[in-house]
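This report refers to the structure that appears directly beneath it.
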Amino acid sequence: MTESTSADAIGAAVDGRYRIEREIGRGGMATVYLADDLRHGRQVALKVLDPELAHAVGPERFLREIEIAARLSHPHIMPLFDSGTASGHLFYVMPFVRGESLRQRLERERHLPVADALAIARDVSEALEHAHARGVIHRDIKPENILIFEGQAIVADFGIALAASAAADRRLTGTGLIVGTPAYMSPEALLDEGSDARSDQYSLACVVYEMLVGEPPFAAPSSQAMIARRLMDTAPSMRRLGSTVPVAADDAVKRALAKEPAARFASVADFARALTAPSERRSKSVAVLPFSNFSADPENEYFADGITEDVIAHLSKIRSLKVISRTSVMPYKKREQSLSEIAATLGATTLLEGSVRRAGDRVRIVAQLIDAESDRHLWAETYDRKLVDIFDIQTDVALQIAAALEAELTRDEESRVRKEPTRDIQAYQLFLFGRQALIKYTAERMETAIDFFDRAIARDPSFALAHATKALAYIELAEIGAMIPERAFENAAAAANRALTLDPDSSEAHCTIGHLKMTRELDWAGAEESFKRAIDLNPSGADAYDLCGRLCAATERYDDALALVARAQELDPLAHRLDMATTLLRAGRYEQATTAARIAVDLDPSGDRARATLGWALFLGGSRQEGLAELEEAVSISQGASFWLGQLGEAYGLAGQTDRARDVLRRLEERATKSYVSPYTFAYVYTGLGEADRAIELLEQAVAARSGAAYGIKGSFLFAGLRSHPRFQALLRRMRLP
Numbered sequence: 049m050t051e052s053t054s055a056d057a058i059g060a061a062v063d064g065r066y067r068i069e070r071e072i073g074r075g076g077m078a079t080v081y082l083a084d085d086l087r088h089g090r091q092v093a094l095k096v097l098d099p100e101l102a103h104a105v106g107p108e109r110f111l112r113e114i115e116i117a118a119r120l121s122h123p124h125i126m127p128l129f130d131s132g133t134a135s136g137h138l139f140y141v142m143p144f145v146r147g148e149s150l151r152q153r154l155e156r157e158r159h160l161p162v163a164d165a166l167a168i169a170r171d172v173s174e175a176l177e178h179a180h181a182r183g184v185i186h187r188d189i190k191p192e193n194i195l196i197f198e199g200q201a202i203v204a205d206f207g208i209a210l211a212a213s214a215a216a217d218r219r220l221t222g223t224g225l226i227v228g229t230p231a232y233m234s235p236e237a238l239l240d241e242g243s244d245a246r247s248d249q250y251s252l253a254c255v256v257y258e259m260l261v262g263e264p265p266f267a268a269p270s271s272q273a274m275i276a277r278r279l280m281d282t283a284p285s286m287r288r289l290g291s292t293v294p295v296a297a298d299d300a301v302k303r304a305l306a307k308e309p310a311a312r313f314a315s316v317a318d319f320a321r322a323l324t325a326p327s328e329r330r331s332k333s334v335a336v337l338p339f340s341n342f343s344a345d346p347e348n349e350y351f352a353d354g355i356t357e358d359v360i361a362h363l364s365k366i367r368s369l370k371v372i373s374r375t376s377v378m379p380y381k382k383r384e385q386s387l388s389e390i391a392a393t394l395g396a397t398t399l400l401e402g403s404v405r406r407a408g409d410r411v412r413i414v415a416q417l418i419d420a421e422s423d424r425h426l427w428a429e430t431y432d433r434k435l436v437d438i439f440d441i442q443t444d445v446a447l448q449i450a451a452a453l454e455a456e457l458t459r460d461e462e463s464r465v466r467k468e469p470t471r472d473i474q475a476y477q478l479f480l481f482g483r484q485a486l487i488k489y490t491a492e493r494m495e496t497a498i499d500f501f502d503r504a505i506a507r508d509p510s511f512a513l514a515h516a517t518k519a520l521a522y523i524e525l526a527e528i529g530a531m532i533p534e535r536a537f538e539n540a541a542a543a544a545n546r547a548l549t550l551d552p553d554s555s556e557a558h559c560t561i562g563h564l565k566m567t568r569e570l571d572w573a574g575a576e577e578s579f580k581r582a583i584d585l586n587p588s589g590a591d592a593y594d595l596c597g598r599l600c601a602a603t604e605r606y607d608d609a610l611a612l613v614a615r616a617q618e619l620d621p622l623a624h625r626l627d628m629a630t631t632l633l634r635a636g637r638y639e640q641a642t643t644a645a646r647i648a649v650d651l652d653p654s655g656d657r658a659r660a661t662l663g664w665a666l667f668l669g670g671s672r673q674e675g676l677a678e679l680e681e682a683v684s685i686s687q688g689a690s691f692w693l694g695q696l697g698e699a700y701g702l703a704g705q706t707d708r709a710r711d712v713l714r715r716l717e718e719r720a721t722k723s724y725v726s727p728y729t730f731a732y733v734y735t736g737l738g739e740a741d742r743a744i745e746l747l748e749q750a751v752a753a754r755s756g757a758a759y760g761i762k763g764s765f766l767f768a769g770l771r772s773h774p775r776f777q778a779l780l781r782r783m784r785l786p
């Protein structure tokens with residue numbers, strides 16, 4: 049029967065009640081038509097059962113069972129308007145929803161942000177729990193049967209479910225008609241051993257798995273291979289396929305995918321709660337506040353900061369802990385807020401505070417772990433040791449905190465926590481001096497840091513962390529345009545590779561290698577692999593999440609980028625707000641970007657980057673004059689830094705203020721006669737002036753030299769006006785960007 053004659057036949061059968069417009073969908077058990085409800089003057093979806101299923105059910109049983117589905121009344125269940133028989137056809141009628149199916153969204157985005165996926169899972173679980181309480185099993189939960197309408201998930205096709213249930217005793221699978229979709233069916237359903245609510249739970253787990261990692265479990269090239277894997281293998285951990293998947297969600301899905309129904313959750317509601325609730329219990333969050341320097345010599349401040357940072361680094365290696373990064377805790381060195389206020393700001397449930405007193409070759413460290421809500425001391429210890437025992441003290445503090453919080457600690461994690469960075473205490477002190485200089489993020493201080501790292505390495509050539517951090521300093525010099533990129537990257541690569549050779553399990557080395565692969569080699573897949581390895585080794589390392597987010601934004605994978613940057617911000621709340629705002633800008637979400645940037649400006653009114661980011665969010669969102677004012681403030685605060693000056697010149701050009709844009713260009717050209725100015729910076733201004741060929745020529749030079757942030761031009765909102773230009777497209781191809 050052809051599509052037209054089928055539609056004609058159905059139209060004739062329901063004539064007088066519904067007018068068929070066209071076929072809009074076809075599956076294994078029904079064909080769906082868009083129709084006009086002539087009595088009520090509305091558009092509806094009319095579903096006609098497959099002839100084989102209709103024959104197995106029979107009209108009387110169908111109408112009796114469909115009545116049950118019609119009684120399901122829930123916000124996340126598609127209601128049934130009508131049902132009946134017409135010329136041998138069994139049909140039922142539902143609202144015509146103009147949203148999209150989850151399948152359509154997955155085809156467009158491949159996998160979803162964690163928050164979206166868990167929200168959809170919650171809606172579907174509520175619908176299923178309502179149905180299960182009334183004895184109705186869906187039997188065919190899959191992305192095609194989950195509709196997204198006005199931000200809510202709605203489960204469709206309970207009518208098919210009841211029809212299939214009514215025919216189950218006829219063993220439809222034995223006649224070649226499978227009740228369900230193999231990629232989402234439970235093992236017992238595939239083996240025709242009967243289905244109950246736990247089968248729907250299994251199917252929902254398959255859907256959650258696909259939403260979070262981009263493919264259903266047991267993916268295989270053929271249905272037969274997929275079914276074989278489902279019956280024999282264990283699904284790989286979602287966290288192995290997608291490092292942003294929460295531990296709680298991974299654990300819950302693993303249990304819901306158990307081959308034996310008895311091993312799954314007692315109900316789909318329990319499954320839904322387990323997707324998020326256990327993370328609050330298992331993933332304890334801790335903030336290590338800056339240790340106070342009680343030494344007589346104020347110069348020992350760096351030593352107290354070093355203790356703080358190294359305890360953070362040790363704890364960050366434990367996956368079951370969420371550890372707030374150093375950038376967010378250091379502002380509380382001279383704190384006036386209460387511990388509960390600090391904990392609320394940082395999103396921490398526990399706080400470690402302590403003091404360091406150093407005298408000669410001895411050190412006294414006092415540490416105490418405090419529950420932020422109750423102000424109860426969970427653990428406290430005083431260490432009075434020789435200075436050479438400092439690494440043992442740091443290790444013991446980390447392990448004691450893990451024990452106090454009942455954190456799960458694998459053998460590999462404990463081994464990494466116990467690993468000493470160096471046995472040379474003077475090399476360690478030189479390293480601390482260097483790290484203290486590096487965090488100032490000025491060209492002069494970065495060069496000072498490199499000198500300290502070199503001196504530490506001279507004392508201990510096997511000091512892997514010093515090599516890795518030295519590499520990072522060189523990369524930063526290249527990115528801010530303070531050193532010719534070729535020289536900076538060559539030095540960075542040598543140091544990073546040496547660090548990785550010395551310590552293959554160094555998270556810092558893998559992160560730096562990833563940064564180099566992204567910025568220097570334009571090796572997108574290799575960079576992402578390195579970032580993921582860094583995250584595996586240091587699950588609380590915010591920088592690796594943030595850099596991987598930059599990579600995703602550079603390749604226009606904005607949802608992935610936002611999820612990764614959100615995780616970085618969660619781990620380092622005060623450091624990565626601007627990265628979130630910038631990523632939102634790249635994704636074209638100007639209102640959200642403005643909100644995020646305003647928060648960053650409120651936290652740091654004198655921050656040039658915060659002002660510039662807010663400026664672009666306002667400018668691109670339509671508030672051009674307000675945006676220009678913020679960009680001008682960024683240039684003023686930075687004392688005319690070339691990077692922000694170039695962006696201001698672009699904004700002037702886009703706003704039609706050509707004379708001002710050309711004045712910026714003259715200032716940059718004059719500066720370039722005295723010091724290095726990246727061609728990337730000049731490209732900003734020419735883009736604003738509408739001189740596309742000159743702008744692209746400069747971008748070609750920047751990419752060739754790996755100067756500035758040239759790796760990010762594809763997803764950059766600053767070069768949006770160049771994207772359709774053939775030379776720009778050719779440049780992206782040379783960068784191995786689709």
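Each residue of the sequence shown is one higher than the one before, counting from 49 in the working numbering.
Using N, Cα and C, we set each Cβ at its ideal position, and we do this for glycine too.
Short Cβ contact (9 Å threshold) for A83 with L94: yes
Status (buried if at least 16 other CB within 10 Å, exposed otherwise) for K382: exposed
Straight-line Cα distance separating P123 from G763: 39 Å
Three-way DSSP call (helix, strand, coil) for G222 in this model: Only weak support is given to the placement of G222: the predicted model assigns it a pLDDT of 36, under 50, and the value that follows is read from those uncertain coordinates. Helix at G222.
4 or more residues per run - each alpha helix (DSSP H) lying fully within the segment 336-394: 349-363, 374-377, 387-394
Contiguous beta strand (DSSP E) assignments of at least 3 residues, all confined to the segment 164-191: none
Residue from H180, R367, A557 with nearest C-alpha to A314: H180
Whole alpha helix (DSSP H) elements within the segment 66-128, 4-residue minimum: 99-105, 107-119
Nonlocal neighbours in the same chain, by C-beta distance under 6 Å from P587, ignoring five residues either side: R367
Three-state secondary structure (DSSP) of D437: helix
Close-in-space but distant-in-sequence residues of the same chain around A519 (CB under 7 Å, 5 per side omitted): A540, A543, A544, A547, T560
Rounded C-alpha distance that separates A320 from L369: 23 Å
Same chain, Cβ closer than 6 Å to M628, neighbours up to 5 away in sequence not counted: V613, Q617, A644
Per-residue burial, L86 [other beta carbons within 10 Å of its own, 16 or more giving buried]: exposed
Check whether I449 and L417 have beta carbons under 9 Å apart: yes
Per-residue DSSP class, three states only, for H793: With the chain covering only 49 through 786, there is no way to say anything about residue 793.
Which listed residue (Y81, A335, A635) has its alpha carbon closest to that of G597: A635
Residue nearest to K307 in terms of C-alpha spacing, selected from S333, F351, Y250, A475: Y250
Inter-residue spacing [alpha-carbon to alpha-carbon] between E328 and L166: Residue placement at E328 is poorly supported in this model, since its pLDDT is 40, which falls under 50; the coordinates still yield a value, given next. Each residue's Cα considered, the two are about 15 Å apart.
Inter-residue Cα distance where the pair is R151 and A276: 24 Å
Bounding residues of the alpha helix (DSSP H) (the contiguous stretch that carries F579): 572-585
Three-state secondary structure (DSSP) of G736: helix
Inter-residue Cα distance where the pair is R646 and E680: 16 Å
Contact check, V105 vs M126, beta carbons under 9 Å: no
Pairwise C-alpha distance: M142 and L154: 24 Å
For L417, the residue or residues it bridges with in DSSP: L400, W427
Unbroken alpha helix (DSSP H) run spanning M259, endpoints: 245-261
Cβ shell of R219 (< 8 Å), same chain only, five flanking positions each side left out: Note on R219: pLDDT 39, under 50, position unreliable in the model; the coordinate value appears next. Here the set comprises D240.
Min CB distance L564 to chain B below 9 Å: Absent from the structure: chain B. Only one protein chain is present.
Nearest neighbour of D591, chosen from A169, A361, A175 [CA to CA]: A361
Supposed close pair L120, V184 - CB separation, criterion 8 Å: 6 Å
Whole beta strand (DSSP E) elements within the segment 653-690, 3-residue minimum: none
Inter-residue Cα distance where the pair is D608 and E258: 14 Å
Between the CA atoms of G262 and L252 - distance to the nearest angstrom: 15 Å
Residues sharing a beta bridge with T133, DSSP: L138
Per-residue burial, A352 [other beta carbons within 10 Å of its own, 16 or more giving buried]: buried
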